[in-house]
Amino acid sequence: MSPPDTNARAYPFTAIVGQEEMKLCLLLNVVDPRIGGVMIMGHRGTGKSTAVRALADVLPMIRRLAGDPFNRAPEDVPEHDPLLALTGIHSRAGKAEKIPVPVVDLPLGATEDRVCGTIDIEAALTQGVKRFQPGLLAQANRGFLYIDEVNLLEDHLVDVLLDVAASGWNVVEREGISVRHPARFVLVGSGNPEEGELRPQLLDRFGLHARIVTLTDLEQRMEIVRRRRAFDADPAAFHAQWLPKQRALQRRIVAAQKRLPSVVIPDDALMFAAELCMRLNVDGHRGELTLARAACALAALEGRSLVALNDVQRVAVPALRHRLRRDPLETTDAGDKVAQAASELLAQRNHHALQVPTAPAAFVV
Amino acid sequence: MMSTALPAPLSFAQLVGLDTARQALLLLAVNPLLSGVIVAARAGSGKSTLARAFAALLPDSTPFVELPLNVTEDRLLGGVDLEATLVAGRPILQPGLLARAHAGVLYVDNLNLLERATAAHVAEALSAGWVRVEREGLSTIYPAQFMLVGTYDPDEGDVPPGLLDRVGLIVPLAARTEAALRAEVVRRNLRPPQDEGETELLRGMIHAARERLRQVQIAEDQIAALMQAALALGVEGNRADLFAVHAALASAALEGRDAVDEDDLRLALRLVLIPRATQRPADSLPAAQPSPRSASNALDRDEGETSSKEPETPRELLLEAAQALLPPDLLELPFAAHQRGRRGSRGATLNMRRGRFVRAVPGDPRSGHVALLPTLTAAAPWQRLRRGSESSARVHIRRNDLRLKRYRDKAGTLYIFAVDASGSMAINRMREAKGAAIRLLQDAYVHRDQVALIAFRGQGAQVLLPPSQSVERAKRELDVLPTGGGTPLASALLTAWQLARQARERGVAHVALVLMTDGRANIGVRAVPSDRQQLREEIQQLAARLRADGVSAVVVDTQANYLSRNEGQQLAQWLGGRYVYLPNARAEHIARALGKSLAM
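Taken in order, these protein sequences are the chains called A and B. When we follow our numbering, the leftmost residue of the first sequence carries the number 1, and every step to the right adds one. When we follow our numbering, the leftmost residue of the second sequence carries the number 1001, and every step to the right adds one.
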């Protein structure tokens, strides 16, 4: 009984039909992890987990110290590293290796010790030594951590994840083992709203919130069935067929990451973001910040170095829909409300723009 | 729990009265890509016999694993085998039931009574085809490609939609069995007739059909017809589309054909799409927009002149069949029922099983029951390290190792009592209402739940008691509750909704609203008091919101009979809750009614 190769089975990201909002949200987070992750909510069977698991294939490579279980870059690891000493892995004298950005799946039944890391059971049993066995949070460092059916996750695990996601550090203390290791990852969650209420604190922590619904276009649905049948019949051939598109997307992502530091967001776009948040009564500044970052990432992804108002508008719905105050007497969907506010505001500005020249000053995020 | 040689009292071919289920199981045997079959049937209709008889149709070594409802997570997913680990001196993993069902059948009776988390694990394994274990410091992956055969009695609640969605074939409740058929069932059970090799025959058929399956063709316009039907029926997600195609292919293979025909499409419609319907096809469908490919196909076939008389394209055929197959009440279908938010039964099911051990978590032994095996498992790896540091104890257990049993959904309920104190509540009825409320409060206290109290009169509602465990305070507040003025029902609902949301944020699992009112709302939140229509709409909207947020509700109607215009009943319906008429009911009646709907 050999374990199945989970990667070989992944459906290609570029072959996913429709669901553009979800795909864009994922890609924006790849370009700029500071956006703060994405929560994907929507109908069952619409390809939420397929998309996240497919993401791994188009992600760029990162450099890490060879064999480092925490995926650290060689320059971030001190010469006498206490972390490696604890894991019993010997430093390979600063050698580097390239690995794809990790996408780690957190299964529902995972226990806390496997998430955070614990004593190496085998070493303890057979040699009687205390060693630290890194957990999923270590594996996810500098990558993605994905939780399907996030609303079914145990509360105490959710608390752990939120703490670590906020601080970027995982701390384990147990019987003489004391570990503190970096755990910076993009948190991606998915779920179905019918399966259970999401704790509001949890939703707030995600930078973007994508919603997906069942496609109602006949031709698109037929295309899904055609591609899926082709994939099921011969996965290898299907992969080969989509390889050029996969590679092209990967190149685009790498280029966008390179371009991002030089992307400029002009004052009028920042003003637009702020006005939009004010109009929608969004508390705090997380809304504006996410809008700005996502807009920059979008511009970078499309090969532009200057953010346009239109970029802000395009990311407004996923960046803000979960930040509106809930009003039980409101019947419009939060996303529609954001979209409407954004287009009204844009129309207003365009009108003004005819008289007032925009300020030339620019701001780099 | 697990057995391969089953003493099936009746063979598959001998079972009567479950024809549709039999058909579905045959399709599954031919095409395992259909993932499984879920059969709705009343108790005692032979559903479990059917599942066992099905196993007998599969090749001899096919695993057949029965999933007990009370399965713990480590038994389900796999975990450390304590005994083997201690003997071997290194961690030994034991595969769980999902992994044992690999390449075979996983059978679940009473699928609707499965724990939500258990159902989620099964669903995840169904779509992934493997189980990932990240438990007790160990990490592994087991293959788990199995066919799910599940049965349930719809009277006892619904199957979690996440599970329904991942299973291809769903057999809704069959019409009441006729007397003759019932007699036949009994007769066969009493004296099974000779099988006469029927099982062998079916096995042969299945084998041949599996071989044929690879070459069966389905035309583009036939696929289009299935998708059109799915769209018209409001089927959610894309899995059903693919299942429908697979079902049609399997049906053709079973019939020994190389091309899908109309009967195959109809069967796919009946077993895959109809059970997933959430709406009726609109009477006036938009003009057909067949894909260019299907249009040309149709032309090739018809050659002009017959086309006007050739009555039906596959699309029309299926839509017509769909109309005929849909039950009069769509809520009889599992997905439609879920979409309308009729999900009270799930909460009740969970709470009935309140107190069942699901998993072990670290904790202070004073705050719960110690789970012995998990504690030993947690201590096992450390034994060698600890040896010598302590006395001659055989097993060294430290506080850190202690594991407590965690019970599902023990986390309490918040009961919000909203009491109408308006002028229209006559003084004596008010007294009854107070009495009932106090009794309920005491009940809630016994169960360590929280209570909150809202009074509404005059211009708005007021939180008299924020969520707390103090019944005494609630009683005091009720005793001095002033009455009189208008009935701001909408404001009460809004306040209750806000309390419910705050409670959710604090992690309260379940919120129940007990609303005592005569239902004669005359003050709105935003609505103009004189506009009855507006008042009504506002209340309806708020009630729908409470319902959508999963708040269970009971409306206790305090209105005198001769005055009633059924406002209370209407309100209960909007809230998706229960209705209790107070003037006829004593406090204990109400408590019982609440117990039923709120699982107190």
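C-beta atoms are modelled at their ideal positions from N, C-alpha and C, and glycine is treated no differently.
Residue 119 of chain A: contacting residues in chain B (beta-carbon distance under 8 Å)
1137, 1381, 1382
Measuring only between beta-carbons, confirm whether residue 1081 of chain B sits less than 8 Å from chain A.
For residue 1081 of chain B, the nearest beta carbon of chain A is not closer than 8 Å to its own beta carbon.
Is the Cβ of residue 1416 of chain B closer than 8 Å to any Cβ of chain A?
no
One or two residues paired with residue 1557 of chain B in a DSSP bridge:
B/1517, B/1581
Bounding residues of the alpha helix (DSSP H) (the contiguous stretch that carries residue 1383 of chain B):
For residue 1383 of chain B, the enclosing alpha helix (DSSP H) starts and ends at 1383-1386.
Could you check whether residue 1467 of chain B and residue 1493 of chain B sit closer than 8 Å to each other, using their CB atoms as the reference points?
no
Just the Cα atoms here: how many angstroms apart are residue 50 of chain A and residue 1532 of chain B?
50 Å
Backbone secondary structure at residue 1146 of chain B - three-state DSSP
coil
So, helix, strand or coil for residue 1327 of chain B, using DSSP?
coil
Are the C-beta atoms of residue 1245 of chain B and some chain A residue less than 8 Å apart?
yes
Tell whether a beta-carbon distance below 8 Å holds between residue 1490 of chain B and residue 1414 of chain B.
no
Minimum length 3: unbroken beta strand (DSSP E) runs contained in the stretch 191-248 of chain A:
208-212
For residue 1142 of chain B and residue 1099 of chain B, what's the separation of their Cα atoms in angstroms?
The C-alpha of residue 1142 of chain B lies about 6 Å from the C-alpha of residue 1099 of chain B.
N- and C-terminal bounds of the beta strand (DSSP E) containing residue 1243 of chain B:
Careful: residue 1243 of chain B lies outside any beta strand (DSSP E), inside the alpha helix (DSSP H) at 1239-1254.
With 16 other CB atoms within 10 Å as the buried threshold, where does residue 169 of chain A fall?
exposed
With DSSP run on the structure shown, which of helix, strand or coil describes residue 1457 of chain B?
The three-state secondary structure of residue 1457 of chain B, taken from DSSP, is strand.
What does a CB cutoff of less than 7 Å around residue 1374 of chain B pick up in its chain, not counting 5 residues either side in sequence?
1360, 1403
Can you pull the chain B neighbours of residue 125 of chain A, defined as C-beta to C-beta under 7 Å?
1089, 1090, 1091, 1381, 1384
Residue 997 of chain B: first and last residue of the uninterrupted alpha helix (DSSP H) it sits in:
This structure does not reach residue 997 of chain B, given that chain B is present from 1001 up to 1600, and the question cannot be answered.
Sort A/31, A/30, A/26, A/46 by Cα distance to residue 1241 of chain B and report the nearest one.
A/46
Is the beta carbon of residue 1027 of chain B less than 8 Å from the beta carbon of residue 1169 of chain B?
yes
If I measure Cβ to Cβ from residue 1462 of chain B and keep anything under 6 Å in the same chain, skipping five residues before and after, which residues do I get?
The residues are 1455.
Residues near residue 1273 of chain B by beta carbon distance below 8 Å, same chain, minus five either side:
1226, 1229, 1230, 1233, 1235, 1240, 1244, 1322
From residue 1544 of chain B to residue 1575 of chain B, what does the alpha carbon distance come to, in whole angstroms?
6 Å
Closest by C-alpha distance to residue 139 of chain A, when choosing among A/217, A/251, A/70, A/323
A/70
Sequence-distant residues of the same chain with beta carbon closer than 8 Å to residue 1140 of chain B, five excluded per side
Cβ-Cβ distances below 8 Å link residue 1140 of chain B to 1078, 1093, 1132, 1133 in the same chain, with the five nearest sequence neighbours on each side left out; the list follows chain order.
Taking Cβ-Cβ distances below 9 Å as the criterion, which residues of the stretch 1256-1268 of chain B are in contact with chain A?
none
C-beta contact flag for residue 1063 of chain B and residue 1080 of chain B at 8 Å
no
Using a Cβ-Cβ distance cut-off of 8 Å, determine whether residue 192 of chain A contacts chain B.
Using a Cβ-Cβ cut-off of 8 Å, residue 192 of chain A counts as an interface residue toward chain B, since at least one Cβ of chain B sits closer than that to its own.
Where residue 371 of chain A falls, given that 16 or more other Cβ within 10 Å makes a residue buried:
In this structure chain A extends from 1 to 365, so residue 371 of chain A is not present and cannot be described.
Is the Cβ of residue 1238 of chain B closer than 8 Å to any Cβ of chain A?
yes
Cut-off 8 Å between Cβ atoms - residues of its own chain near residue 1251 of chain B, not counting five sequence neighbours on either side
Cβ-Cβ distances below 8 Å link residue 1251 of chain B to 1027, 1260, 1263, 1264, 1267, 1268 in the same chain, with the five nearest sequence neighbours on each side left out; the list follows chain order.
In angstroms with no decimal places, state the Cα-to-Cα distance between residue 1148 of chain B and residue 1019 of chain B.
Whole-angstrom Cα-Cα distance: 19 Å.
Measure the alpha-carbon distance for residue 81 of chain A versus residue 88 of chain A and round it to whole angstroms.
11 Å
Within 8 Å (strictly less), CB to CB, does residue 179 of chain A reach chain B?
no
Classify residue 1305 of chain B: buried if its beta carbon has 16 or more other beta carbons within 10 angstroms, exposed otherwise.
Residue placement at residue 1305 of chain B is flagged as unreliable, the pLDDT there being 42, under the threshold of 50; the coordinate-derived value follows with that caveat. Exposed, by the Cβ-count rule.
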